[in-house]
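**Student:** For the sequence shown, this note's numbering assigns the number 9 to the initial residue and increments by one for each residue that follows.
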Amino acid sequence: MSENTVSGTVSVIGLGPMGRAMAAAYLDAGYRVTVWNRSAGKDEDLVARGAHRAATAAGAVAASGLTVLSLIDVDAMYTALDGAALDGRVLANLSSDVPEKARAAAAWAAERGAGYLTGGVTVPPSGLGKPESQIFVSGDRGAYEQHRAALDVLGGTDHKGDDPGLAQLHYQLGMIMFWTALTGWEQAVAVAQANGLTAADILPQAVETSDSLSGFVRFYTERVDAGEHGGQVDRLAMCAASIEHVRHTAADAGVDTGILDAHVALYRRGLAAGFGDDSGTRVLQLLREPAGSAAGA
Ligand code: NDP
9 MSENTVSGTV
19 SVIGLGPMGR
29 AMAAAYLDAG
39 YRVTVWNRSA
49 GKDEDLVARG
59 AHRAATAAGA
69 VAASGLTVLS
79 LIDVDAMYTA
89 LDGAALDGRV
99 LANLSSDVPE
109 KARAAAAWAA
119 ERGAGYLTGG
129 VTVPPSGLGK
139 PESQIFVSGD
149 RGAYEQHRAA
159 LDVLGGTDHK
169 GDDPGLAQLH
179 YQLGMIMFWT
189 ALTGWEQAVA
199 VAQANGLTAA
209 DILPQAVETS
219 DSLSGFVRFY
229 TERVDAGEHG
239 GQVDRLAMCA
249 ASIEHVRHTA
259 ADAGVDTGIL
269 DAHVALYRRG
279 LAAGFGDDSG
289 TRVLQLLREP
299 AGSAAGA
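1. For THR13, which residues from the same chain have a beta carbon less than 7 angstroms from its beta carbon, with the 5 sequence-adjacent residues on both sides left out?
2. Bridge partners for ASP166 per DSSP, in chain order?
3. With distances taken from each beta carbon to the nearest heavy atom of ligand 1, which residues come in below 6 angstroms, in chain order?
4. Tell me whether VAL130 is buried or exposed, calling it buried when 16 or more other Cβ atoms sit within 10 Å of its Cβ.
5. For the region 149-221, which segments carrying the alpha helix (DSSP H) assignment without a break, of at least 4 residues, lie completely within its bounds, in sequence order?
6. For ASP219, count the other beta carbons within 10 Å of its own beta carbon; 16 or more makes it buried, fewer makes it exposed. Which is it?
7. Leaving out five residues before and five after ALA317 in sequence, what residues of the same chain have Cβ atoms less than 7 angstroms from its Cβ?
8. Would you check if there are 3 or more beta carbon pairs closer than 8 angstroms linking the region 105-121 to the region 56-72?
9. Under 8 angstroms, do ASN45 and GLY73 count as touching if we go by C-beta distance?
10. Under three-state DSSP, which class holds GLY121?
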């Protein structure tokens, strides 16, 4: 039986919207909750509901076997927990960051005798604890098994492996798709607005297009994993022409084309490489051999 099942205690460090929702979920579930936030004033509703306010982050860690961190990034943990006694504690850092930072943080915690789990939350604060809520977790499997019941209060946890970077990798894979798709919608709305339409005018079309993506992803997944890039129905040359039309439509509307320029450049590279008769998925090869990154390392 886990420590939290026995004691029902948990600490939450970081009370932005996500940390507050986490602490509230634990209060709802009957846990004895200790909270700490760098700035004052974010814990009042929680304290009114029975949460204990720790004077320091170290005090929050001392109060519970499991401390959940919900901070802006992994680096914030180092300043928050500077000097805290961590030996024998378990930290579940559910702050988003990159895999390498998660690995370094796990090593930092291990040097101080703490168990460390890294996690990525895939839902907004309002989605915590709901059936669709999913949290990627990785790292110390013993700590995970010990505190799984407590972590599952926040959502279905999916332990991705012992490498503490894996949870953030899976989280970032989702974010790559999310941000590019959402920016695509924003680009479409900007063009619509420039043509006198509103976001609401194109909502049915936006929803239909978003929903259709899952079918494309399912169709392409098996082919891509098998290394099949035949262009029987989706020649890269056709995709390139379509993307040129997209860019042209945005430019004609006076809308910024920076994102679309990059898209066009990628498919032009595909044509230059002689992939015109292959499937558009041949760009995967180009994405893995970058021509140069504008964003830098
Ligand atoms: P916020 O940016 O609103 O809150 C960040 C928290 O980090 C605050 O409590 C802030 O303290 C604290 N913090 C920042 N820097 C430091 C520092 N140097 N030392 C100590 N504390 C620090 O974020 P959210 O609550 O929205 O999100 C928290 C995490 O959850 C993020 O990693 C985010 O990516 C992830 N997440 C959020 C989602 C969302 O929809 N909100 C969805 C999925 C994941 P202070 O109040 O003093 O500024």
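Glycine is no exception: its CB is placed at the ideal position from the N, C-alpha and C atoms.
For clarity, every value in this text was computed on a predicted model and none was experimentally measured.
**Tutor:** A quick look at the data gives this:
1. Note that THR13 has pLDDT 43, beneath the 50 cutoff, so the model's placement of it is unreliable and no number is given.
2. PHE144
3. GLY22, LEU23, GLY24, PRO25, MET26, GLY27, ASN45, ARG46, SER47, LYS50, SER78, LEU79, ILE80, ALA84, THR87, ALA88, SER103, SER104, VAL129, PRO132 and PRO133
4. Note on identity: in this sequence residue 130 is Thr, with Val being the wrong assignment. Buried: at least 16 other Cβ atoms inside 10 Å.
5. 149-160 and 173-202
6. exposed
7. Nothing about residue 317 can be read from this structure; the chain reaches only from 9 to 305.
8. no
9. no
10. coil
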